[in-house]
Amino acid sequence: IYLKEHRLTNFLEHDFRNLRNFRQKLSLNLSNLNGIKSQVFVTRIFAWLFICFAVSGILYELWNSFNTGSWKIFALGEIWFKLDVSSLNSLQSGIQRYLFPWLWEPFITTILLCPSWLVFGVPGALLFLIAGTDKKSQK
1136 IYLKEHRLTN FLEHDFRNLR NFRQKLSLNL SNLNGIKSQV FVTRIFAWLF ICFAVSGILY
1196 ELWNSFNTGS WKIFALGEIW FKLDVSSLNS LQSGIQRYLF PWLWEPFITT ILLCPSWLVF
1256 GVPGALLFLI AGTDKKSQK
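Given below as structure tokens:
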């Protein structure tokens, strides 16, 4: 009888340890879900910011087309130049002097020559795709 009781207590202790480990793993997974939710939230905020910048670029082009009577696509660098010349010049000199001189000419100038709504719209759409859809809104 002692051997049966000893086996039973070992079995119960083993199950209790397994249950405790399971609860700890479950709580870690639930805390990880909160981290994922906050990452999705931050991703969506950046996506909305990019989309707002893209829409503002389109609205600027529309406003300009109503004033001039012809449609013109504005590059990001052109809009930035109209808004603040000194910051664009400071960025160029800072990258060419202190970071990598080769980074400015092929890469950043290509981005600055693209339409502003494209430069902000594509990353905004990609961030929305990365963030996924909300499960609550689907129901």
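Heads up: the sequence shown is residues 1136 to 1274, going by our numbering.
Idealized CB from N, CA, C, for every residue including glycine.
Expressed to the nearest angstrom, what Euclidean distance is found between the alpha-carbon atoms of Lys1207 and Gly1256? Counted from its first residue, the sequence shown places residue 1207 at position 72. Counted from its first residue, the sequence shown places residue 1256 at position 121. So the alpha carbons of these two residues sit roughly 18 Å apart.
Ignore the nearest five residues each way along the sequence and tell me which others in Gln1174's own chain have a CB closer than 8 Å to its CB. Your numbering for residue 1174 matches position 39 in the sequence shown. No residues qualify anywhere along the chain.
Could you give the distance in angstroms between the alpha-carbon of Pro1250 and the alpha-carbon of Phe1185? Start at 1 with the first residue of the sequence shown, and residue 1250 comes out as number 115. Start at 1 with the first residue of the sequence shown, and residue 1185 comes out as number 50. Those two C-alpha atoms are separated by around 14 Å.
Gly1276 burial status per 10 Å Cβ neighbour count (16 or more: buried): Lying outside 1136 to 1274, the shown extent of the chain, residue 1276 is not represented and no answer is given.
Select from Leu1234, Val1220, Ile1214 the residue whose C-alpha is nearest the C-alpha of Leu1248. Taking the first residue of the sequence shown as 1, we reach residue 1248 at position 113. That would be Ile1214, whose Cα lies nearest to the Cα of Leu1248.
In whole angstroms, give me the CA-to-CA distance for Ser1272 and Phe1263. One-based indexing of the sequence shown puts residue 1272 at position 137. One-based indexing of the sequence shown puts residue 1263 at position 128. Residue placement at Ser1272 cannot be trusted, given a pLDDT of 47 that sits under 50; what the coordinates show is reported in the next sentence. Cα to Cα, Ser1272 sits roughly 15 Å from Phe1263.
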